[in-house]
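Chemist: So that we are looking at the same thing, I have put the structure below in structure tokens.
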Amino acid sequence: MSENLLLKATGIVKQFGGLTAVNNVDFNIPRGSITSLIGPNGAGKTTFFNMITGLYVPTSGTIVFDGEEIQGLKPDAVTTRGIGRTFQNIRLFAHMTALENVLVGQHCRLHASLLGILALTKKVREEEAAAHKRAQELLEYVGLGRSRANELSKNLPYGDQRRLEIARALATNPKLLLLDEPTAGMNPQETDDLTRLMRKVRDELGITVLLIEHDMKVVMGISEHITVLDHGAKIAEGSPEEIRNNEQVIEAYLGRGAAAHGKGGRQTAATGLRT
Amino acid sequence: MATQTVDTSTTGRNIPWGLIGRISLVVFFVLFLAVPLWNTILEMIANPQLLLRQLIIGLTNGAYISLIALGYTLVYGIVELINFAHGDVYMIGAFMSLTLIGLFGLQAATPPEVRYPLMLLILVITMAFTATLNVGIERFAYRRLRTVSRLAPLISAIGVSFILQNVGLLWGYLRFPALNGVMGSNAVAPKSFPNLLPTQNLLEPLQAVFGEGFRVRFTGKDLIMIGTAVVLLGALYFFVQRTKLGKAMRATAQDRDAAALMGINVNRTISLAFLLGGALAGAAGMLVGLYNGTAVFNMGFKAGLFSFTAAVLGGIGNITGAMLGGLLIGLIAALSDQYINAKWTNAVIFGILVLILVFRPTGLLGENVQQKA
Amino acid sequence: MNPRIRAGLAGGIFGALITLISVDQVVYLAGMLAGTTAGMMVAYMEPQKKWLDGLRQGIQAGLLGGLFIVIAKLLRAILINPLIGDSTDLGGQFMLGLNGLVIATIISAIFAVIATLPRPQDLIGRYAMVAILTLIYPWIDQYFQYRFMGEVIPVLVFVLMALGLNIVVGYAGLLDLGYAAFFAIGAYATAMVASPHFGISLSFWLVIWIAAAVAAIFGVILGAPTLPLRGDYLAIVTLGFGEIVPIAATNLDTFSLSILGFKVIDNINLTGGPKGINPINRPYLPGIGAFQSSQPIPWYYLILIIMIFSIFFILRLRNSRLGRAWTAMREDELAAEAMGINIVKTKLLAFSMGATFSGFAGAFYGSYISAIFPESFRFEVSVMLLCMVILGGMGNIPGVILGGLLIQFADRLFLPQLSNMMQSIISSPQVQLPSSLSFLHELSFASDFRLLLFGITLVVMMLLRPEGLIPSERQRMELHADEEPVVEQQQTEVYTARNQETV
Ligand SMILES: Nc1ncnc2c1ncn2[C@@H]1O[C@H](COP(=O)(O)OP(=O)(O)OP(=O)(O)O)[C@@H](O)[C@H]1O
Ligand SMILES: [Mg+2]
């Protein structure tokens, strides 16, 4: 069983001073799946991401990734082990071109040493050429063509910036890709394209995807597993179908009143989750 | 696209540079400094009078260092800027007070009933001047950069520091007859203050108790230096803790955006921090000028670094911390002058600064800031 | 404003300032500099495709620049020369000015025409032109007897250091306020292994590497504990280090070392104390022999070669995975870390690479002046270097070189010359100073306004043009200009925005 789990988090707690942002959460990601993490604003989703990627150290709990405990490792060490991520509020390197952003993503997969760089050995040159080629490919893969490659990332349109972030994360050669609200602020057309891209990443590249998303249409349409956080605690987990009909989830999203008030409330809640 | 194999060959070699650095600092201390430190302590115990004298010097040092350190702490607490030019504002304070002393024709021979009220007046004018200067500096050189980045205002502050130093240098050329010759004859040379403070030894009566061998001196000068600093520090503490404006300042320091939402005028509060810091630095400039009898255009650099170290030692942003840090740095400097060697004192203070920043960046009294991600 | 007028004005003001304060022959140099400035600027601001358009444009800008030189020459002849006893022959002075004008126009035209070539020939041509002017300078200097070489060489040493500091500040975004310390370490390392001080006389060609290595090691020693600190704290710690090194150099003339109380080294003279170490061995080359201080030309070419090598290696670093990691870290440290960049290691590499180039500079400088004193490495030097990097444009090699040349020439040639001229004027018999202004006799522009110069540079650049005179972004856009029109970038943020607390 457990060899089928790419990531297994147990008893994760994160406290900020008096605030418990994540409270005793167990969380599994099956290898090769698309898993979603949902929950109302401030539920602790991003905080959970940050613990997986080493930006926060959990107050307690263990995170096992691919057979190795990774909690408390530095972010770069986590990335090197095969976890790539995007950020909720885009954090591209604004004054670098799209291509350079993706090249930076490849940093931990390149080997050129200081001396190799200074001497510009054949090996380093070949590695650089390969890195550039791969960066181009990745840009095209996420739907940013050649024409955009040399533009400063801050000058790209918003939707392209989100795609570029995904390309940059893919460049780290992840086994697990964490996407924090990738469709936020996108129009329906862009959202559809991006959903397709996520599925392609999993199907073609075999990368496991963990998604934080508020758009229920995306979540229900794409994920095989869903975990719901509310006020830092896990309140439900299961298939999209199970989550759609879970009383507690509806309650969490729409408040206690909605679920208690019989049919009308249920209806709204269900539609709310569906759209 | 080709299938990817994740390459983990680089994962094993994450060298903990920070840790290595810390450990090597500790090893360095044990190997080279532990024994000399122990010898020094023995030396101190062997001659308690000398130690006492150095402690008194340290106290007077601490008085002015605290005054300047407060300027760093107030500003850093609110805008997170190391106001690099602050030490030079202090220098300008010294020059301003000297100019006024010349203008009023104060001399050692001026009768005390004229001299002291005038000195008080000069103190007030000097403080007002440096306060205005500091506020102006913020308006002109920092305000626009506040939102740009962290380092842009710091670089600008370094620039202002150099400009002020140059102003101090050119100030030395102001040799108007009305200044009664206080600027001397060489622009860049240190300027001499007249002897305006009483120098009699207040501990003389103790000689009757301890006998002739008791040589420790505590002069009227020392008392005035420490007394004025204590009064000013007390006033500032009261202001920040008790008045409405002071509370606004503390609120802004905690969370600028929230303070703005609560109707606090953030720009004005920031100006206020610069105003208070500038006034205290001006006072320190005058006190040190009178106490040491000299002022020179580049005196701000060393004083600024000592004071900044004091502010960091106490916990930057913490007002009580700055006072405590000032006192400690003053004492350390005085002890280092005597027991190590005056020529190494600067290095000692910088060494302390490095050690605090590396091992306890929050300082003695600073609370542990929430780890930022 | 019309680009031609702007370029002409810039070149002209530059040339006129030089002409105003200098003696006759310098007008040729003024013409060269004015022409270079005008030509490069006009070609950059108003790119032309046809060479004839370029020629016309270059000539126009150059003529305007040259006109300023002529006017400056005449003004000097009328207003200043009578007071300082220089030539008042208006006709002769006018002819000299005209010579300057012709040179300015020719050079400006050449630059403008070169710029019309297709890429990359235009870039090659431009750099070749700059290279030619640089290479023949010693002969110009000799022919017209400027005797500026003694100043030009240290200028280049400082430009080399600015290039090293640029790695730290410009590429990696680490504010290092104690950079001169590595210069000192390089120079002292040189002095210790290539002078009679310890009786060790290694060859300069070996020593320069030793100096660089020692500086790099010190970079790592200082960096390891301090680089995890936040940016502004790091700045202060480096400042502290920058102060400790000269203090140590001053006081380590009696150096004793005891480990755990046991004396290991007793009272040796390590650094020569306040007097420094003097003399230091000169480089020796077969064919040229030992370099002499009276023969500046070999030194000039030596520092040029060191600089070109340094630029070559810096560019390799810049375009490697390491260089990208530096930029990424400067842009957004947290995102960089999340992309797998080890922040401390990357910073440490930036720090030690920067130190390395300073070490080269230190080794060269030490043997060039054949002596070192602790006082030559104070905070002021570090800030001056910072000014150079910021003025020209952080992170951009041509910018840093330009910034370095401007600050250094202002400091070493312009201000002293201006000062001399002012002194000659006020002490001439025609000028009767009122006694209240007699202090002017002591006022020296060379030493009394330097700090102001640095200070104003920093403040003004931060407020008005934080990206520097030649920002790196534009250069990058320029390299890709074929695909997209050049976008004017307003107010480039120098560092990443401060609000990065939330992820
Ligand atoms: N660094 C921090 N310091 C203090 N509190 C924090 C920090 N990071 C997050 N929090 C708090 O933890 C809680 C969970 O935040 P988190 O960002 O994880 O929510 P989220 O589920 O991602 O919400 P959203 O959907 O709005 O992105 C919030 O109350 C937030 O204020
Ligand atoms: Mg979130």
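Chains as they are written, first to last, in our numbering: chain A, 110 to 384; chain B, 19 to 391; chain C, 7 to 509. C-beta atoms are modelled at their ideal positions from N, C-alpha and C, and glycine is treated no differently.
Who's in the neighbourhood of ligand 2, going by beta-carbon under 7 Å from any heavy atom, listed in chain order?
Modeler: Cβ atoms closer than 7 Å to ligand 2 belong to Lys-154/A, Thr-155/A, Gln-197/A, Asp-289/A, Glu-290/A and Ile-321/A.
Chemist: Compare the C-beta of Asn-310/B against all C-beta atoms of chain C and say whether one is closer than 7 Å.
Modeler: Translated into the one-based positions of the second sequence, residue 310/B becomes position 292. Closer than 7 Å: no.
Chemist: Output the distance between the C-alpha atoms of Leu-212/A and Ala-244/A, rounded to the nearest integer angstrom.
Modeler: Counting from one through the first sequence, the residue named residue 212/A turns up at place 103. Counting from one through the first sequence, the residue named residue 244/A turns up at place 135. Near 6 Å, if we compare the C-alpha coordinates of Ala-244/A and Leu-212/A.
Chemist: To the nearest angstrom, how far is the alpha carbon of His-323/A from that of Gly-177/B?
Modeler: As a position in the first sequence, residue 323/A is number 214, starting the count at 1. As a position in the second sequence, residue 177/B is number 159, starting the count at 1. Spanning the two alpha carbons is a distance of roughly 48 Å.
Chemist: Are the region 278 to 288 of chain C and the region 139 to 158 of chain C touching, with three or more C-beta to C-beta distances below 8 Å?
Modeler: Verdict: no, contact absent.
Chemist: Under the rule that 16 or more other beta-carbon atoms within 10 Å means buried, what is Asp-454/C, buried or exposed?
Modeler: The residue given as residue 454/C occupies position 448 in the third sequence. Asp-454/C is buried by the Cβ-count criterion.
Chemist: In the DSSP output, which residue or residues are listed as bridge partners for Asp-339/A?
Modeler: Sequence index remark: in the first sequence, residue 339/A carries index 230 (1-based). Per DSSP, Ala-342/A.
Chemist: Cβ-heavy atom distance between Ala-276/B and ligand 3 below 6 Å?
Modeler: By its list of ligands, the structure shown excludes ligand 3, since it contains just ligand 1 and ligand 2.
Chemist: Name, in chain order, the residues that DSSP records as bridge partners for Ile-265/C.
Modeler: Here residue 265/C refers to the residue found at position 259 when the third sequence is read from its first residue. Phe-268/C, per the DSSP bridge assignment.
Chemist: Please decide whether Asp-238/C counts as near chain B, where near means a Cβ-Cβ distance under 7 Å.
Modeler: Sequence index remark: in the third sequence, residue 238/C carries index 232 (1-based). Yes, contact with chain B.
Chemist: Is Phe-247/C a contact residue of ligand 1, with contact defined as CB to any heavy atom under 6 Å?
Modeler: To locate residue 247/C, count along the third sequence from 1; it is residue 241. Not under cutoff, so the answer is no.
Chemist: Express the C-alpha separation of Gln-67/B and Val-132/B in angstroms, rounding to a whole number.
Modeler: Within the second sequence, numbered from 1, the residue matching residue 132/B stands at position 114. Within the second sequence, numbered from 1, the residue matching residue 67/B stands at position 49. Approximately 37 Å between the Cα atoms of the pair.
Chemist: Does chain C have any CB closer than 7 Å to the CB of Leu-229/A?
Modeler: Residue mapping note: residue 229/A aligns to position 120 of the first sequence, counting from 1. At least one chain C Cβ lies under 7 Å of Leu-229/A.
Chemist: Runs of 4 residues minimum, wholly inside the region 75 to 115 of chain C: which ones carry the alpha helix (DSSP H) assignment?
Modeler: Segments of the alpha helix (DSSP H) lying fully in the region 75 to 115 of chain C: 87 to 90.
Chemist: Are any of the Cβ atoms in chain B nearer than 7 Å to that of Ala-83/C?
Modeler: The residue given as residue 83/C occupies position 77 in the third sequence. With 7 Å as the cut-off, Ala-83/C does not count as an interface residue toward chain B.
Chemist: Using only the alpha-carbon positions, how far apart do Met-427/C and Gly-91/C sit?
Modeler: Translated into the one-based positions of the third sequence, residue 427/C becomes position 421. Translated into the one-based positions of the third sequence, residue 91/C becomes position 85. Looking at the two C-alpha atoms, the distance is approximately 11 Å.
Chemist: Between Ile-242/C and Asn-113/A, what straight-line distance do the alpha-carbon atoms span, to the nearest angstrom?
Modeler: In the third sequence, counting from the first residue as 1, residue 242/C sits at position 236. In the first sequence, counting from the first residue as 1, residue 113/A sits at position 4. Ile-242/C and Asn-113/A: Cα-Cα distance of roughly 51 Å.
Chemist: Tell me which residue opens and which closes the beta strand (DSSP E) that Gly-193/A is part of.
Modeler: On the first sequence, residue 193/A is found 84 positions in, with the first residue counted as 1. Where Gly-193/A is concerned, the enclosing beta strand (DSSP E) stretches over 192 to 194.
Chemist: Can you check which of these residues, Gln-125/B, Val-372/B and Phe-236/B, is closest to Leu-228/C by C-alpha distance?
Modeler: The residue labelled residue 228/C in the question sits at position 222 within the third sequence. The shortest C-alpha separation from Leu-228/C is found at Val-372/B.
Chemist: Along the beta strand (DSSP E) that carries Phe-125/A, what are the first and last residues, could you check?
Modeler: Working through the first sequence from its first residue, we reach residue 125/A at position 16. Its beta strand (DSSP E) spans residues 114 to 125.
Chemist: Determine, using beta carbons only, whether Gln-183/B comes closer than 7 Å to chain C.
Modeler: Walking along the second sequence from the start, residue 183/B turns up at place 165. Chain C, which has a Cβ nearer than 7 Å to the Cβ of Gln-183/B, makes this yes.
Chemist: Helix, strand or coil: which one does DSSP assign to Pro-422/C?
Modeler: Reading the third sequence from its first residue, position 416 is the one you call residue 422/C. Reduced to three states, the DSSP call for Pro-422/C is helix.
Chemist: Could you tell me whether the Cβ of Met-390/C comes closer than 7 Å to any Cβ of chain B?
Modeler: The sequence position of residue 390/C within the third sequence is 384, counting from 1. No, because no Cβ of chain B sits closer than 7 Å to the Cβ of Met-390/C.
Chemist: Determine which residues share a DSSP beta bridge with Glu-360/A and list them.
Modeler: Here residue 360/A corresponds to residue number 251 of the first sequence, with the count starting at 1. DSSP output for Glu-360/A lists no bridge partner at all.
Chemist: Measuring only the C-alpha atoms, how far is Gly-401/C from Pro-297/A?
Modeler: What you label residue 401/C is simply residue 395 of the third sequence in a count that begins at 1. What you label residue 297/A is simply residue 188 of the first sequence in a count that begins at 1. Their backbone Cα atoms lie some 41 Å apart in a straight line.
Chemist: Asn-132/A lies in the beta strand (DSSP E); which residues open and close that run?
Modeler: Start at 1 with the first residue of the first sequence, and residue 132/A comes out as number 23. Element bounds for Asn-132/A: 128 to 139.
Chemist: At least one CB of chain C closer than 7 Å to the CB of Phe-174/A: is that the case?
Modeler: Here residue 174/A is taken as the residue at index 65 of the first sequence, counted from 1. With 7 Å as the cut-off, Phe-174/A does not count as an interface residue toward chain C.
Chemist: Quick one: list the residues of chain B neighbouring Phe-379/C, beta-carbon separation under 7 Å, in chain order.
Modeler: For the purposes of this step, residue 379/C is taken as the residue at position 373 of the third sequence. In chain order: nothing, as chain B lies at least about 16 Å away.
Chemist: For Met-318/C, verify whether its CB is less than 6 Å away from any heavy atom of ligand 1.
Modeler: In the third sequence, counting from the first residue as 1, residue 318/C sits at position 312. Note that residue 318/C is Phe in the sequence shown here, rather than Met. No, the Cβ of Phe-318/C stays beyond 6 Å of every heavy atom of ligand 1.
Chemist: By alpha-carbon positions, which one of Ser-478/C, Gly-474/C, Ile-462/C and Ser-434/C ends up nearest to Phe-158/B?
Modeler: In the second sequence, residue 158/B corresponds to position 140, counting from 1. Nearest of Ser-478/C, Gly-474/C, Ile-462/C and Ser-434/C to Phe-158/B, Cα basis: Ile-462/C.
Chemist: For a minimum of 4 consecutive residues, which ranges assigned as the alpha helix (DSSP H) are wholly contained in the region 214 to 298 of chain B?
Modeler: You should have 222 to 228, 238 to 260, 262 to 272 and 274 to 279.
Chemist: Leaving aside the five residues before and after Gly-315/A along the sequence, list all residues of the same chain whose C-beta is less than 8 Å from its C-beta, in chain order.
Modeler: What you label residue 315/A is simply residue 206 of the first sequence in a count that begins at 1. The residues are Gly-141.
Chemist: Using a beta-carbon distance below 7 Å, is Val-372/B in contact with chain C?
Modeler: In the second sequence, the residue the question calls residue 372/B occupies position 354. Yes - at least one Cβ of chain C is within 7 Å of the one on Val-372/B.
Chemist: Does any residue of chain C bring its CB to less than 7 Å from the CB of Val-376/B?
Modeler: Position 358 of the second sequence, counted from the first residue, corresponds to residue 376/B. Yes - at least one Cβ of chain C is within 7 Å of the one on Val-376/B.
Chemist: I need the DSSP call for Tyr-290/C, collapsed to helix, strand or coil.
Modeler: As a working note, residue 290/C is residue 284 in the third sequence. Here Tyr-290/C sits in strand by DSSP.
Chemist: Output, in chain order, the set of chain A residues within a Cβ distance shorter than 7 Å of Phe-370/C.
Modeler: Numbered from 1 along the third sequence, position 364 holds the residue referred to as residue 370/C. Under the 7 Å cutoff, chain A gives no residues; its nearest Cβ is about 19 Å from Phe-370/C.
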